[in-house]
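Chemist:
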Amino acid sequence: MKIENHSNFVVLEDEKDDIIDFASFIESQVPAKYQGQNVVLNLLKYNSLSLPELLQFLKTSNLHRKTNYSFVIVNAAIDIDEVPYELVVVPTLQEAEDIVEMEEIERDLGF
Numbered sequence: 014m015k016i017e018n019h020s021n022f023v024v025l026e027d028e029k030d031d032i033i034d035f036a037s038f039i040e041s042q043v044p045a046k047y048q049g050q051n052v053v054l055n056l057l058k059y060n061s062l063s064l065p066e067l068l069q070f071l072k073t074s075n076l077h078r079k080t081n082y083s084f085v086i087v088n089a090a091i092d093i094d095e096v097p098y099e100l101v102v103v104p105t106l107q108e109a110e111d112i113v114e115m116e117e118i119e120r121d122l123g124f
């Protein structure tokens with residue numbers, strides 16, 4: 014897994030080509046190692062990501078977001094209209110950074 018630290022979030026990226034294995038790995042790693050951090054998953058290399066594959070991250074996303082930290086998935090292949098509202102999926106890393114900043118502002122304001 015590639016890890017890229019930013020000032021207010023961490024970007025995690027799969028080094029292999031197995032989205033299901035990566036989702037399982039993320040499920041164990043995020044609560045243990047990234048508690049208290051905003052997390053961005055870079056899935057841009059998956060050009061044909063399906064909704065069932067994306068939903069493998071739903072449990073981790075829900076658990077992490079309950080701790081009042083952002084969990085954003087970056088992928089341009091998935092049709093955003095198919096994604097359930099519980100998942101935050103954006104097509105670019107810049108948009109992921111914007112979402113993290115916006116959610117931090119909302120939390121600071123008490124929303």
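Going by our numbering, the sequence shown opens with residue 14, and the numbers climb by one from there.
Every residue, glycine too, gets a C-beta built ideally from N, C-alpha and C.
#1: Could you have a look at E99 and say whether DSSP puts it in helix, strand or coil?
#2: Roughly how many angstroms lie between the CA atoms of D94 and L100, to the nearest whole one?
#3: To the nearest angstrom, report how far apart I39 and L56 are at their CA atoms.
#4: When you compare only the Cα positions, how much space is there between E108 and S41?
#5: Run the CB neighbour count on N10, radius 10 Å, all protein chains shown included, and call it buried at 16 or more, exposed below.
#6: Identify, in the order they occur along the chain, each residue of the same chain with its Cβ nearer than 6 Å to the Cβ of T127, setting aside the five sequence neighbours on each side.
#7: I want to check one thing, is the minimum distance from the CB of V43 to the heavy atoms of the ligand GTP below 7 Å?
#8: For a minimum of 3 consecutive residues, which ranges assigned as the beta strand (DSSP E) are wholly contained in the segment 33–102?
#9: Rounded to whole angstroms, what's the CA-CA distance from D27 to F35? Just pull it up for me.
#10: Once DSSP output is grouped into helix, strand and coil, what is the label at E119?
Modeler: Let me lay it out:
#1: Taking the first residue of the sequence shown as position 1, residue 99 is located at position 86. If DSSP states are grouped into helix, strand and coil, E99 belongs with coil.
#2: Indexing the sequence shown from 1 puts residue 94 at position 81. Indexing the sequence shown from 1 puts residue 100 at position 87. Computed Cα separation, rounded: 11 Å.
#3: As a working mapping, residue 39 is identified with position 26 in the sequence shown. As a working mapping, residue 56 is identified with position 43 in the sequence shown. Approximately 12 Å, taken between the alpha carbons.
#4: Along the sequence shown, read from residue 1 onward, the residue named residue 108 stands at position 95. Along the sequence shown, read from residue 1 onward, the residue named residue 41 stands at position 28. The alpha-carbon atoms of E108 and S41 are separated by roughly 26 Å.
#5: The shown model of the chain, from 14 to 124, leaves out residue 10, and the question about it has no answer.
#6: No answer is possible for residue 127: it lies beyond the span of the chain, which begins at 14 and ends at 124.
#7: This structure lacks the ligand GTP, and indeed carries no ligand of any kind.
#8: 52–55, 84–87
#9: Numbered from 1 along the sequence shown, position 14 holds the residue referred to as residue 27. Numbered from 1 along the sequence shown, position 22 holds the residue referred to as residue 35. Roughly 6 Å separates the two Cα atoms.
#10: Here residue 119 is taken as the residue at index 106 of the sequence shown, counted from 1. In this structure, E119 counts as helix in the three-state DSSP scheme.
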